[in-house]
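K.L.:
My questions will all concern the structure given below.
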Amino acid sequence: MTAVLRVVPVAGETTWSFLNRVAAAYGMQAADLTGGWRSANRGQHQDRGRGGAEVLLDAVAQEQLAGWCGVPAGHLARALPSWAAGPPALAGREGDGRGWMRWHTGGLEWGPVVSGCGLCAARRGAAGRVWVYGPQWRRLCVRHGRWLLEPGAGHPLGWVDVAPVAGELGRAQRRWARVARAAPEGGVAPREVFALARAVVCWWWERKEFWAREAVWGPRLEQVRAAAVRRVGDRAGWGVEQWRLLVRDAVVFPEVVAVARALADRRLQEEAAAGAQGLLRDGAGAQQFAAVLGARLGRDWLAEVEGAGSGGPLTLWVGALVRERRGAAPLRGRGVWWVHSPHRPVEAVAALPPAGDGPDPGAGGAAQAGGQAAALPVRRGHGVGLVHWRARLFEEVL
């Protein structure tokens with residue numbers, strides 16, 4: 001390569017994604033750039049071309065990459081989350097002037113990987129597929145009205161068009177930033193608050209009693225689903241439920257943020273625990289808390305829906321609050337903010353059927369091996385109930 005082409009990383013981009021984009025700018029493959037480097041764990045990643053892959057670089061390889069892309073190494077260190085982890089992970093392997101690299105599972109340290117916005121990448125000097133570390137509360141590209149999706153969900157989509165509701169989602173994303181700053185003051189990590197709020201809202205999503213009165217999600221769902229269908233067309237084997245699952249997190253995001261804000265409110269926590277009055281079986285505290293949520297969300301009937309259910313994530317959370325204030329041991333050894341497995345939302349990446357026209361270029365092999373029906377309910381119950389759920393799931397997959 002003689003003339004240096006300037007390629008700027010997207011904030012939060014994986015190093016492997018950036019390597020691919022730099023190579024593409026020169027009309028090459030990433031392997032053409034890394035061919036002169038040595039691998040510390042060669043052969044351990046047979047699917048290292050997938051979107052979720054990550055690579056760590058030592059100081060020599062980092063200097064070379066900075067030279068190829070025309071961007072100072074300091075800027076790369078600020079934009080690429082895995083950049084600083086490279087030299088320590090490869091310490092002691094220098095000496096011959098050749099770069100070293102190590103394949104790594106970045107999602108375990110820097111969060112889930114999602115398909116980045118290609119338009120944002122194009123503005124930085126190289127178009128094409130881009131992957132970034134994107135927690136579930138930062139999936140919206142505000143500039144281009146795109147909701148970013150995880151690779152390997154059995155579809156060719158890297159994002160869905162949410163332009164019709166982008167303003168509402170953008171405001172929710174800004175509100176979440178304030179919740180994340182306030183959560184540690186209550187002794188809880190922001191990711192735990194968000195995970196519990198998402199479980200609560202997705203539990204409502206699966207309930208017929210909720211949809212019988214809900215007036216906001218329907219129009220929002222139809223706008224987002226219609227935009228996704230227009231972009232990719234009809235998918236073989238997909239119905240309404242598959243599309244609902246794909247766009248669910250975008251549709252419910254404003255409500256998830258509102259619930260998270262309430263869950264992190266210490267005053268409301270005290271009121272919910274006091275409302276339970278030690279009678280965990282009747283969900284009194286959960287209904288009281290749901291009444292507050294209903295007022296905040298413009299759904300005054302929410303407490304009735306919550307009271308009609310049995311043992312939802314909100315009820316268990318209130319019970320955990322009461323046990324904590326009594327000094328009792330947490331249920332099954334789990335803390336207040338733990339989301340029990342029956343209440344963890346079904347994820348699109350695990351539930352959608354494979355795409356009918358070949359694998360997603362950003363998907364791993366495991367995600368391409370047959371999926372179950374997308375219309376699966378949130379898992380509920382423990383013990384025998386969970387065994388029955390698994391048995392039914394097995395039958396539906398067959």
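For the sequence shown, my numbering assigns the number 1 to the initial residue and increments by one for each residue that follows. Idealized CB from N, CA, C, for every residue including glycine.
Using a Cβ-Cβ cut-off of 7 Å (strictly less than) and excluding sequence neighbours within five positions of Val251, which residues of its own chain qualify?
P.N.:
In the sequence shown, counting from the first residue as 1, residue 251 sits at position 251. Excluding positions up to five away in sequence, the list reads Trp217, Arg220, Leu221 and Val224.
K.L.:
Give the range of the alpha helix (DSSP H) segment to which His104 is assigned.
P.N.:
Within the sequence shown, numbered from 1, the residue matching residue 104 stands at position 104. Premise fails: His104 lies in the beta strand (DSSP E), Trp100 to His104, not in any alpha helix (DSSP H).
K.L.:
Which of helix, strand or coil does DSSP assign to Asp360?
P.N.:
Mapped onto the sequence shown, residue 360 falls at position 360. Unreliable placement is indicated for Asp360, whose pLDDT of 34 sits below 50; no coordinate value is reported for it.
K.L.:
Drop a sphere of 10 angstroms on the beta-carbon of Asp32, count the other beta-carbons inside from all chains shown, and report buried for 16 or more, exposed for fewer.
P.N.:
Here residue 32 refers to the residue found at position 32 when the sequence shown is read from its first residue. Classification of Asp32: exposed, given that the 10 Å Cβ count is below 16.
K.L.:
Alpha carbon to alpha carbon, how far is Ala30 from Ala24? Give it in angstroms, no decimals.
P.N.:
Position 24 of the sequence shown holds residue 24. Position 30 of the sequence shown holds residue 30. If I take the Cα positions, the gap works out to 8 Å.
K.L.:
Does the distance from the C-beta atom of Leu399 to that of Val339 stay below 7 Å?
P.N.:
Given that the chain is displayed from residue 1 to residue 398, the structure contains no residue 399 and the question cannot be resolved.
K.L.:
One question on the structure: do Val130 and Ala121 come within less than 7 Å of each other, judged by their Cβ atoms?
P.N.:
If you number the sequence shown from 1, residue 130 lands on position 130. If you number the sequence shown from 1, residue 121 lands on position 121. In contact: Val130 and Ala121 (Cβ atoms closer than 7 Å).
K.L.:
Mind checking Ser115: buried by the 16 CB within 10 Å criterion, or exposed?
P.N.:
Reading the sequence shown from its first residue, position 115 is the one you call residue 115. Label assigned to Ser115: buried.
K.L.:
For Val349 and Glu150, which I take to be in contact (beta-carbon distance under 8 Å), what is that distance rounded to the nearest angstrom?
P.N.:
Counting from one through the sequence shown, the residue named residue 349 turns up at place 349. Counting from one through the sequence shown, the residue named residue 150 turns up at place 150. Indeed they touch by this definition, with Cβ atoms about 5 Å apart.
K.L.:
Sort out for me which residues DSSP pairs Ser115 with in a bridge.
P.N.:
Taking the first residue of the sequence shown as 1, we reach residue 115 at position 115. DSSP, once it has assigned bridges, lists Trp131 as partnering Ser115.
K.L.:
Rank Trp37, Ala79, Leu5 and Asp58 by C-alpha distance to the C-alpha of Ser17 and give the top, closest one.
P.N.:
As a first step, residue 17 must be located in the sequence shown, where it is residue number 17. Of the candidates Trp37, Ala79, Leu5 and Asp58, the one whose C-alpha sits nearest the C-alpha of Ser17 is Ala79.
K.L.:
Which of the three DSSP states is assigned to Leu57 in this structure?
P.N.:
As a first step, residue 57 must be located in the sequence shown, where it is residue number 57. Of the three classes helix, strand and coil, the one that applies to Leu57 here is strand, per DSSP.
K.L.:
Restricting to runs no shorter than 4 residues, where is the alpha helix (DSSP H) found entirely within the stretch 217–253?
P.N.:
Taking only runs of at least 4 residues, the alpha helix (DSSP H) segments lying wholly in the stretch 217–253 are 217–232.
K.L.:
Would you be able to state if there are at least three C-beta pairs under 8 Å between the stretch 257–271 and the stretch 230–247?
P.N.:
The stretch 230–247 is not in contact with the stretch 257–271.
K.L.:
Buried or exposed, going by whether 16 or more other CB atoms sit within 10 Å of the CB of Asp300?
P.N.:
Along the sequence shown, read from residue 1 onward, the residue named residue 300 stands at position 300. By the 10 Å Cβ count, Asp300 comes out exposed.
K.L.:
Is it true that the stretch 171–188 meets the stretch 225–239, where meeting means three or more beta-carbon pairs spaced less than 8 Å apart?
P.N.:
Not touching, per the Cβ criterion.
K.L.:
Using a Cβ-Cβ cutoff of less than 6 Å, which residues in the same chain neighbour Phe289 once the five nearest sequence positions on both sides are dropped?
P.N.:
On the sequence shown, position 289 is the one that residue 289 refers to. Contacts found: Ala272.
K.L.:
Taking all protein chains shown into account, do 16 or more other C-beta atoms lie within 10 angstroms of the C-beta of Ala84, making it buried, or fewer, making it exposed?
P.N.:
Locating residue 84 in the sequence shown gives position 84, where the first residue counts as 1. By the neighbour-count rule (16 or more Cβ atoms within 10 Å), Ala84 is not buried but exposed.
K.L.:
How should Arg326 be labelled, buried or exposed, when 16 other C-beta atoms within 10 angstroms of its C-beta is the threshold for buried?
P.N.:
If you number the sequence shown from 1, residue 326 lands on position 326. It is exposed - the Cβ of Arg326 has fewer than 16 other Cβ atoms within 10 Å.
K.L.:
Val160: which of Gln173, Met101 and Arg146 sits nearest, CA to CA?
P.N.:
As a position in the sequence shown, residue 160 is number 160, starting the count at 1. Minimum Cα distance to Val160 is reached at Arg146.
K.L.:
Between the C-alpha atoms of Val232 and Arg38, what's the straight-line distance to the nearest angstrom?
P.N.:
In the sequence shown, counting from the first residue as 1, residue 232 sits at position 232. In the sequence shown, counting from the first residue as 1, residue 38 sits at position 38. Whole-angstrom Cα-Cα distance: 40 Å.
K.L.:
What are the boundary residues of the beta strand (DSSP E) that includes Trp176?
P.N.:
Stepping through the sequence shown from its first residue, residue 176 is reached at position 176. Counting along the chain, Trp176 falls outside any beta strand (DSSP E), though it belongs to the alpha helix (DSSP H) covering Ala166 to Ala182.
K.L.:
For Asp15, I'd like the list of residues in its chain whose CB is within less than 6 Å of its CB, leaving aside the five on either flank, ordered along the chain.
P.N.:
If you number the sequence shown from 1, residue 15 lands on position 15. In the sequence as presented, Asp is not what sits at residue 15; that position holds Thr. Counting only Cβ-Cβ distances below 6 Å, and skipping sequence neighbours, we find Val55, Leu80 and Ser82.
K.L.:
How many Å lie between Ala260 and Val193 at the Cα?
P.N.:
Locating residue 260 in the sequence shown gives position 260, counting from the first residue. Locating residue 193 in the sequence shown gives position 193, counting from the first residue. Cα to Cα, the separation comes out at about 6 Å.
K.L.:
Suppose you measure from the CA of Pro88 to the CA of Val60; what does that come to, to the nearest Å?
P.N.:
If you number the sequence shown from 1, residue 88 lands on position 88. If you number the sequence shown from 1, residue 60 lands on position 60. Near 13 Å, if we compare the C-alpha coordinates of Val60 and Pro88.
K.L.:
Between the Cα of Ala40 and those of Ala291, Ala295 and Asp58, spot the shortest distance and give me the residue it belongs to.
P.N.:
In the sequence shown, counting from the first residue as 1, residue 40 sits at position 40. Of the candidates Ala291, Ala295 and Asp58, the one whose C-alpha sits nearest the C-alpha of Ala40 is Asp58.
K.L.:
Across the stretch 304–321 and the stretch 202–215, are there enough close Cβ pairs to call them in contact, namely three or more that are closer than 8 Å?
P.N.:
In short, these stretches touch, since the Cβ pair count reaches three.
K.L.:
Using alpha carbons as the reference points, say which of Pro184, Val200 and Ala3 lies closest to Glu255.
P.N.:
Start at 1 with the first residue of the sequence shown, and residue 255 comes out as number 255. Closest option to Glu255, Cα to Cα, is Val200.
K.L.:
Assign Ser39 to one of three DSSP states: helix, strand, or coil.
P.N.:
Walking along the sequence shown from the start, residue 39 turns up at place 39. DSSP places Ser39 in strand when its eight states are reduced to three.
K.L.:
Helix, strand or coil: how does DSSP classify Asp161 here?
P.N.:
By 1-based counting over the sequence shown, the position of residue 161 is 161. Strand.
K.L.:
If distances are taken between C-alpha atoms only, which option among Ala177, Ala262 and Ala212 comes closest to Gly294?
P.N.:
Start at 1 with the first residue of the sequence shown, and residue 294 comes out as number 294. Answer by Cα proximity: Ala262.
K.L.:
Taking buried to mean at least 16 other C-beta atoms within 10 Å of its own C-beta, is Thr105 buried or exposed?
P.N.:
Counting from 1 along the sequence shown, the entry for residue 105 is found at position 105. Under this definition Thr105 is an exposed residue.
K.L.:
Using a threshold of 7 Å, state whether the C-beta atoms of Trp203 and Pro135 are closer than that.
P.N.:
Stepping through the sequence shown from its first residue, residue 203 is reached at position 203. Stepping through the sequence shown from its first residue, residue 135 is reached at position 135. No. Outside cutoff.
K.L.:
For Glu206, which three-state DSSP category applies?
P.N.:
Counting from 1 along the sequence shown, the entry for residue 206 is found at position 206. Glu206 falls in the coil class under three-state DSSP.
K.L.:
Let me check understanding here. Comparing Cα to Cα, which of Gly298, Ala177, Arg181 and Leu140 lies closest to Asn213?
P.N.:
Your numbering for residue 213 matches position 213 in the sequence shown. The question names Asn, but residue 213 in the sequence shown is Arg. Of Gly298, Ala177, Arg181 and Leu140, the residue nearest in Cα terms is Gly298.
K.L.:
Taking C-beta to C-beta, are Cys117 and His75 nearer than 7 Å?
P.N.:
Walking along the sequence shown from the start, residue 117 turns up at place 117. Walking along the sequence shown from the start, residue 75 turns up at place 75. Contact flag unset, no.
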